[in-house]
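Numbering (my numbering), first residue to last: 70 to 338.
Spelled out as structure tokens, the structure:
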């Protein structure tokens with residue numbers, strides 16, 4: 070049985086919102102196969118596409134540490150009366166690395182939550198596009214206004230004895246280099262994913278699932294601090310980047326998809 074398709078709307082009105090939700094032509098190969106595997110090829114392909122779009126992160130991992138330059142120290146923004154940095158008072162919680170890893174769950178749940186209709190697929194592509202755009206902006210900050218996360222010594226001191234979490238931290242120490250600090254893409258990317266997922270789950274009446282997801286998102290945001298992977302400033306700026314991306318782009322683009330229907334899609338059917 071083929072996934073439900075909505076009829077084109079050739080006479081849909083046009084407004085100034087249309088360019089905001091424009092889909093990239095590079096989606097055309099994936100779009101042409103959107104009904105393959107009973108509609109499941111599209112979300113699988115989207116997961117791989119998202120991974121590819123976010124892959125420049127690995128370049129920043131190589132470039133920024135080689136420069137080894139920190140333009141400022143975010144922890145100095147939050148200082149207690151006794152002169153102690155607030156970031157230093159946040160406890161290291163060993164097992165919170167498990168919550169930190171749930172970022173990958175958001176990557177997977179996002180495409181499989183979208184409705185298997187052309188409107189749902191276009192909304193999914195819009196979500197992926199804005200996650201990518203916000204991430205690319207963050208990559209520029211990593212390179213040209215870097216800050217070094219120098220909190221890992223707290224974690225390493227607490228891990229004086231071997232722990233089952235050592236391999237988990239070791240892998241993320243490789244992936245999340247100290248200069249990829251602010252804004253925290255753990256916060257930005259999952260916030261935008263959660264916004265899109267909430268939209269689709271709300272339409273299906275899955276309200277409890279939405280509440281659980283947002284609780285997990287809050288826990289994930291806190292875990293960026295309790296794993297000593299990020300400063301408080303990183304988490305806050307990551308949220309600000311997510312909010313700005315949502316308000317000035319993502320939100321309008323989702324409205325655009327509803328207004329323009331198939332006329333707004335750059336991809337070819």
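Cβ coordinates follow ideal geometry from the N, Cα and C atoms, glycine included. All values reported here derive from a predicted model rather than from experimental measurement.
Taking the straight line between their C-alpha atoms, what separation do you get for residue 270 and residue 112? Counting from one through the chain shown, the residue named residue 270 turns up at place 201. Counting from one through the chain shown, the residue named residue 112 turns up at place 43. Whole-angstrom Cα-Cα distance: 16 angstroms.
Beta-carbon contacts of residue 272 that lie in its chain and below 8 angstroms, excluding the five residues immediately before and after: For the purposes of this step, residue 272 is identified with residue 203 of the chain shown, where counting begins at 1. Hits under 8 angstroms: 184.
First and last residue of the alpha helix (DSSP H) that includes residue 177? Numbered from its first residue, the chain shown carries residue 177 at position 108. From DSSP, the alpha helix (DSSP H) with residue 177 extends over 172-182.
Using the beta-carbon count (16 or more within 10 Å), is residue 180 buried or exposed? Mapped onto the chain shown, residue 180 falls at position 111. Buried.
Once DSSP output is grouped into helix, strand and coil, what is the label at residue 238? To locate residue 238, count along the chain shown from 1; it is residue 169. DSSP places residue 238 in helix when its eight states are reduced to three.
Where do the ends of the alpha helix (DSSP H) carrying residue 297 lie? The residue labelled residue 297 in the question sits at position 228 within the chain shown. Run containing residue 297: none; DSSP gives neither H nor E here.
Considering just the uninterrupted stretch of the alpha helix (DSSP H) at residue 253, what are its terminal residues? As a working note, residue 253 is residue 184 in the chain shown. Taken as a continuous stretch (DSSP letters only), residue 253 belongs to no alpha helix (DSSP H), as it is neither H nor E.
Just confirm the distance between the C-beta atoms of residue 258 and residue 169, as a whole number of angstroms; I'd bet it's less than 8 angstroms. What you label residue 258 is simply residue 189 of the chain shown in a count that begins at 1. What you label residue 169 is simply residue 100 of the chain shown in a count that begins at 1. Not quite, the Cβ-Cβ distance comes to about 13 angstroms (not below 8 angstroms), so this is no contact.
Exposed unless 16 or more other CB atoms sit within 10 angstroms - verdict on residue 140: The residue given as residue 140 occupies position 71 in the chain shown. By the 10 Å Cβ count, residue 140 comes out exposed.
Taking the C-alpha atoms as reference points, what is the distance between residue 310 and residue 205? Counting from 1 along the chain shown, the entry for residue 310 is found at position 241. Counting from 1 along the chain shown, the entry for residue 205 is found at position 136. Answer to the nearest angstrom: the Cα atoms are 11 angstroms apart.
Coarse secondary structure for residue 148, derived from DSSP in three states: On the chain shown, residue 148 is found 79 positions in, with the first residue counted as 1. Three-state result, residue 148: strand.
Those residues which DSSP pairs with residue 154 across a bridge: If you number the chain shown from 1, residue 154 lands on position 85. 148, per the DSSP bridge assignment.
Taking 8 angstroms as the cut-off, decide whether the C-beta atoms of residue 216 and residue 251 are in contact. In the chain shown, counting from the first residue as 1, residue 216 sits at position 147. In the chain shown, counting from the first residue as 1, residue 251 sits at position 182. Cβ atoms of residue 216 and residue 251: closer than 8 angstroms.
Need the endpoints of the alpha helix (DSSP H) that residue 213 sits in, please. By 1-based counting over the chain shown, the position of residue 213 is 144. Run containing residue 213: 187-213, per the alpha helix (DSSP H) assignment.
Measuring only the C-alpha atoms, how far is residue 267 from residue 314? The residue you call residue 267 lines up with position 198 of the chain shown. The residue you call residue 314 lines up with position 245 of the chain shown. Taking the straight line joining both Cα atoms gives about 16 angstroms.
Buried or exposed: which applies to residue 144, given that a residue is buried once 16 or more other Cβ atoms fall within 10 Å of its Cβ? Residue numbering aside, residue 144 sits at position 75 when the chain shown is read from its first letter. Residue 144 should be labelled buried.
For residue 222, count neighbouring C-beta atoms within 10 Å of its own C-beta (all shown protein chains included) and say buried if the count is 16 or more, exposed if not. The count along the chain shown starts at 1 and reaches residue 222 at position 153. By the 10 Å Cβ count, residue 222 comes out exposed.
Counting beta carbon pairs with one atom in the segment 96-105 and one in the segment 148-168, are three or more of them shorter than 8 angstroms? no
How is residue 332 classed by DSSP in three states: helix, strand or coil? For the purposes of this step, residue 332 is taken as the residue at position 263 of the chain shown. A caution first: residue 332 carries a pLDDT of 41, below 50, which makes its placement in the model unreliable, though a value can still be read off. Residue state, collapsed to three classes: helix.
Are there 16 or more other CB atoms within 10 angstroms of the CB of residue 101, so buried, or fewer, so exposed? Position 32 of the chain shown, counting from 1, holds the residue named residue 101. Exposed is the call here.
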